[in-house]
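Beneath this line is the structure, given in structure tokens, with notes to follow.
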Amino acid sequence: MISVTYQNQSSEVVRLLQYGTALEGSVAEDFLIVVRNGEPQPYQGILAMRFPPSINDYTVLVPGQSVTAEVDIEASYGVRQVGGYQVYHRDGQGGAIESGGAQFWLTESRAQPALPRQASPQQVAPKQASVARFCSVAQAAAADGALSVAETYARHARDDLRNTLISARSDARRYRYWFGQYSQPRWNRVQDGMTRIYSAASSRRFTFDCACEAGTNRTIAYVYGARTSEIFLCDGFFGMPRAGGDSQASVLVHEISHFNDTANTDDGPHGVNGALYGQGAAVGLAITNPDRAVGAASNYQYFAANPTGLPMPTEGGDGDNGGGDEGDEPGSLLDPLIPPEPESIPRILVPIVDLLLGNER
Ligand SMILES: [Zn+2]
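Sequential numbering from 15 applies to the sequence shown in the numbering used here.
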């Protein structure tokens, strides 16, 4: 366990989004930098998709006020081997977090616990039915139904990318909307990633785990990047519609994109208002940082589900570009459909983080 203190060192009241901080009570994304003997430790924890933040997901701090939370980092950052460790908080929340560091020694190595409830070894084709773990019959059926829609989304997305002539790529609207300015390396990354997402969706034997053990009540779904056939589904997932921009199917595209052997995506940076998911955050990332957008799960999710109906200038295809892209021609690339931001938080505020290490469990 480490203990993390967030202090408002500004002169204004700040609202600190709990997502991506120790205030969540567990590590739900890669928000720390953990260094062992000078070597950054790879993140091994969950990549959790959560609902957009509500007012209850912020902690209010008046000037000078601090709040402290404990979080277990052993499994997520592999803190098991003897050595000298340093821990920093990533800057986040629009650069509002500044971190002091902390260090500790681990004087006795800890055994790596056997991975609990690992999926059994899988065979490749022909495709076998997915495995449901801790799911009701209805949940298992919903997951399977969503997977087949996700497979269709991914196939259309792959075909649309593949069938767009190189000369037409820099103007491909749907690509530009979700991935930003065209460059050939970025396009290639997206096309390769989407091809792998489709391949996984269509042929991998997934295990759906409905226990949501590592999630919180705000979590929709999560995966571990290295556990490439397991998808963890939480209650929020089952409240979503099967198909559409924000749907069970698009969430599955998002989660499958995270795996190390597909598109190896992350969740991108938190926006100024803390947004990490949702169409607005994805569009914003495409505009401001195309290099990150082509590595961000939500951008694959929405490109594939195509909620805006934007076309792709494909050649030689059958004209079926996925979700309803005939006929409508939004006038401008970047102005439509950017959802309003939730209440903004001032970005200049600087809560300073102090990590106080207690190396005991
Ligand atoms: Zn994610």
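Don't be surprised by glycine CBs; every beta carbon is placed ideally from N, CA and C.
Note that the coordinates shown come from a computational prediction; the quantities given were computed from them, not determined experimentally.
Reduced DSSP category for residue i - H, G, I as helix; E, B as strand; rest coil
i    : result
S113 : strand
Q21  : strand
L37  : helix
A164 : helix
F246 : strand
E376 : With the chain represented from 15 up to 375, any question about residue 376 goes unanswered, as that position is not in the structure.
S396 : Limits of the chain in this structure are 15 at one end and 375 at the other, which puts residue 396 out of reach.
G298 : helix
R219 : coil
S261 : coil
Q195 : coil
V151 : helix
I3   : Residue 3 lies beyond the residue range present for the chain, which begins at 15 and ends at 375; the question has no answer from this structure.
H170 : helix
L61  : strand
G159 : helix
Q32  : coil
P304 : helix
Q79  : coil
Q126 : coil
Q205 : helix
D71  : helix
A318 : helix
M15  : coil
F118 : strand
V27  : coil
A146 : strand
A235 : strand
L351 : Confidence is the limiting factor: at L351 the pLDDT is only 42, short of 50, which leaves the residue's position unreliable and the question unanswerable from this model.
Buried or exposed (CB count within 10 angstroms, at least 16 for buried), residue i
i    : result
E26  : exposed
D332 : With a pLDDT of only 44 at D332, under the threshold of 50, the placement of this residue in the model should not be trusted; the figure read from the coordinates follows. It is exposed - the Cβ of D332 has fewer than 16 other Cβ atoms within 10 Å.
V237 : buried
L247 : buried
M326 : buried
N335 : Model confidence at N335 stands at a pLDDT of 45, short of 50, so the residue's coordinates are unreliable; what they give is reported in the following sentence. The residue is buried, with at least 16 neighbouring Cβ atoms inside 10 Å.
P283 : buried
R29  : buried
W201 : buried
P353 : Summary for P353: the model assigns pLDDT 41, below 50, so the residue's position carries little reliability; its value from the coordinates is reported in the next sentence. With fewer than 16 other Cβ atoms within 10 Å, it is exposed.
V96  : exposed
A295 : buried
G78  : exposed
L348 : Here the model assigns L348 a pLDDT of 42, short of 50, so the residue's position is not dependable and the matter cannot be decided.
S312 : buried
Q198 : exposed
Q142 : exposed
N70  : exposed
E269 : buried
A155 : exposed
N13  : The question about residue 13 has no answer here: the residues shown for the chain are numbered 15 through 375.
Sequence-distant residues of its chain with Cβ nearer than 6 Å to residue i (five each side left out)
i    : result
G59  : V41, S90
A240 : N274
R172 : M208, T209, Y212
V145 : T221
G92  : Q55, Q58
A318 : Y167, A168, A171, V267
E38  : Q32
L290 : D281, H284
A164 : A215, A263, L266, V267
A36  : V18, A83, V85
W119 : G98
I180 : none
Same chain only: Cβ atoms within 7 Å of residue i, ignoring 5 sequence neighbours per side
i    : result
G207 : S271, T276, A277, Y314
A62  : A42, E43, G229, T233, Y236
V204 : L175, F193, V308
Q126 : R94
D342 : Its pLDDT being 36, under 50, D342 is placed unreliably in this model, and the coordinates cannot settle the point.
Beta-carbon spacing of residue i, residue j below 8 Å
i    : j    : result
G194 : I47  : no
V76  : V18  : no
F65  : G298 : no
V101 : Y20  : no
D223 : R124 : no
R188 : Y196 : no
G258 : Q293 : no
I16  : I87  : yes
G52  : F45  : no
T279 : N177 : no
Beta-carbon contacts of residue i that lie in its chain and below 8 Å, excluding the five residues immediately before and after
i    : result
V265 : M63, A160, I234, A235, F251, M254, Q315
Q117 : G98, Y99, Q100, V101, L371
E122 : V96
A225 : R147, F148, F246
request  = Kindly provide the chain-ordered list of residues whose Cβ lies closer than 6 Å to any non-hydrogen atom of ligand 1.
outcome  = L61, M63, H268, H272, D281, A311
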